[in-house]
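K.L.:
Take this structure first; my questions come after.
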Amino acid sequence: MRRPRGASRTIMRRSRDRVYALTGADLTVAPGETVGVVGESGCGKSTLAKVLVGVQRPTSGTVSFGGRDLWTTDPAERRAAVGAGAGMVFQAPSTALNRRLPVRRILRDPLDVHRRGAPAEREEREERVREPMALVGLPPVLADALPGQLSGGQRQRVAVARALALEPALVVADEPTSALDVSVRAQILDLLLDLRERLGLALVFVSRDIRTVRRMGDRVVTMYLGRVVGEAPADRVTDHARHPYTGALFPATPGLLDPVDPIPLAGPVPSATRPPSGCPFRTRCWKADATCAAVLPPPVTDEGGHRFRRHHPVPADRPTHGLVARAAGAPAPTATAPADDRPRKREQSP
Numbered sequence: 001m002r003r004p005r006g007a008s009r010t011i012m013r014r015s016r017d018r019v020y021a022l023t024g025a026d027l028t029v030a031p032g033e034t035v036g037v038v039g040e041s042g043c044g045k046s047t048l049a050k051v052l053v054g055v056q057r058p059t060s061g062t063v064s065f066g067g068r069d070l071w072t073t074d075p076a077e078r079r080a081a082v083g084a085g086a087g088m089v090f091q092a093p094s095t096a097l098n099r100r101l102p103v104r105r106i107l108r109d110p111l112d113v114h115r116r117g118a119p120a121e122r123e124e125r126e127e128r129v130r131e132p133m134a135l136v137g138l139p140p141v142l143a144d145a146l147p148g149q150l151s152g153g154q155r156q157r158v159a160v161a162r163a164l165a166l167e168p169a170l171v172v173a174d175e176p177t178s179a180l181d182v183s184v185r186a187q188i189l190d191l192l193l194d195l196r197e198r199l200g201l202a203l204v205f206v207s208r209d210i211r212t213v214r215r216m217g218d219r220v221v222t223m224y225l226g227r228v229v230g231e232a233p234a235d236r237v238t239d240h241a242r243h244p245y246t247g248a249l250f251p252a253t254p255g256l257l258d259p260v261d262p263i264p265l266a267g268p269v270p271s272a273t274r275p276p277s278g279c280p281f282r283t284r285c286w287k288a289d290a291t292c293a294a295v296l297p298p299p300v301t302d303e304g305g306h307r308f309r310r311h312h313p314v315p316a317d318r319p320t321h322g323l324v325a326r327a328a329g330a331p332a333p334t335a336t337a338p339a340d341d342r343p344r345k346r347e348q349s350p
């Protein structure tokens, strides 16, 4: 299906600083599979989503679709493959939709660009516009409405309908509920799940909310500082993730039905212009040692389907909540900190 292998995206600023937005990302999406991508703000999730659908070209690496490297093919072939084979739902529907165009024209544009349907037959074009509207639950009366006349939930349904207009095999949803009211978010999530089942779509769902990602996905991919640091089956990510950063994301979105003990992280996310050497997570990890500072952990896959980059992974048989006491009792991480499991007391200020 869609496979970015070793994809990297570097952005140059006027000050000549390099921003490592995406580094060495390796992700495979199978037909009909849902992959959730989670991480803190600025970790490269949106860049990965744009690379997947061809909106941004990676500085290095490959993006394969159906066994073909998209960026080595003819531009016309690439446009046809990406445009018809993948759809994208952006974060904010208020800015993703042209406010001067009615819904009818917004949904017809992909058909016109890719020359779908007979241009001379108005009824055929109108029917193809009504189909995606019906799929996402929009009444036909809204076909002539402007985006500004719609609610936030209706605008996002239009964005989803536009992504489905060319009947793609893959839909990438980049934080599709982040700009919506809480009361509307569940409706959009349920809509995406329903469309996945009805149409057999492959779905990449990007979010900062790991609980939502776990609900939506078959697999959960964790990103940190532009790198994929962990990957786990969705049903095992709560208590058996091999990378502690995955467990540390749960307290950011507390839940009542399945509360998770928080894993505290020391310090902010490092700068993307000056990422740390070795393991990118070492500056916030209580088990960091000299090896972590010198060597980037290689990707490892265990028998349970977990894939991670970690010199000192969480043992496979140890629940994530068992890390809480050790993390809470650990001092601020340094490059030479001992890599053992014994809790250490914090030094108190005088």
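full-length UniProt numbering numbers the first residue of the sequence shown as 1 and each following residue consecutively.
Even glycine gets a Cβ: it sits at the ideal position worked out from N, Cα and C.
(1) Can you give the Cα-Cα distance for Arg115 and Pro168, rounded to whole angstroms?
(2) Is Pro102 near the ligand FAD - that is, is its Cβ less than 7 Å away from at least one heavy atom of it?
(3) Quick one: residues in its chain with C-beta nearer than 6 Å to the C-beta of Pro147, no 5 flanking neighbours on either side, listed in chain order?
(4) How many angstroms separate the CA atom of Ser178 from the CA atom of Gln91?
(5) In this structure, how does DSSP classify Arg198 when only helix, strand and coil are distinguished?
(6) Can you tell me whether Thr301 is buried or exposed, with buried defined as 16 or more other CB within 10 angstroms of its CB?
(7) Inspect the CB distances between the segment 37 to 56 and the segment 286 to 297 and report whether three or more fall short of 8 Å.
(8) Can you tell me whether Asp209 is buried or exposed? The criterion is at least 16 other CB atoms within 10 Å of its CB, across all chains shown.
(9) Can you name the start and end residues of the alpha helix (DSSP H) that Thr212 belongs to?
(10) Going along the chain, which residues of its own chain have a beta-carbon closer than 7 Å to the beta-carbon of Tyr20, five neighbours each way excluded?
(11) In angstroms, rounded to a whole number, what distance separates the CA positions of Phe250 and Val314?
(12) Under a Cβ-count criterion, where at least 16 other Cβ atoms within 10 Å of its own Cβ denotes burial, should Ser46 be classed as buried or exposed?
(13) Helix, strand or coil: how does DSSP classify Ala266 here?
(14) With a 10 Å radius around its C-beta and 16 neighbouring C-beta atoms as the bar for buried, classify Ala232 as buried or exposed.
(15) Using CA coordinates, which residue listed in Arg282, Glu77, Ala241 is at the minimum distance from Gly304?
(16) Taking DSSP's pairing of strands, which residues face Pro299 in a bridge?
(17) Between the segment 42 to 57 and the segment 128 to 147, do three or more beta carbon pairs fall short of 8 Å?
(18) Looking at Ala234 and Arg214, is the spacing between their C-beta atoms short of 8 Å?
(19) Enumerate in chain order the residues of its own chain whose CB-to-CB distance from Ala81 is below 6 Å, with the five nearest sequence positions on each side excluded.
(20) If you count every other CB in all the chains shown that lies within 10 Å of the CB of Ala7, and 16 or more means buried, which is it?
(21) Can you name, in chain order, every residue of its own chain whose Cβ lies under 6 Å from the Cβ of Pro93, other than the five neighbours on each side?
(22) Assign Leu170 to one of three DSSP states: helix, strand, or coil.
P.N.:
For this structure:
(1) 15 Å
(2) Although the ligand FAD was asked about, the structure shown includes no ligands whatsoever.
(3) Leu97, Arg99, Arg155
(4) 7 Å
(5) helix
(6) exposed
(7) no
(8) buried
(9) 210 to 216
(10) Thr10, Gly226, Ala272, Pro275
(11) 16 Å
(12) buried
(13) coil
(14) buried
(15) Ala241
(16) Arg309
(17) no
(18) yes
(19) Phe65
(20) buried
(21) Arg155, Gln156, Ala159
(22) strand
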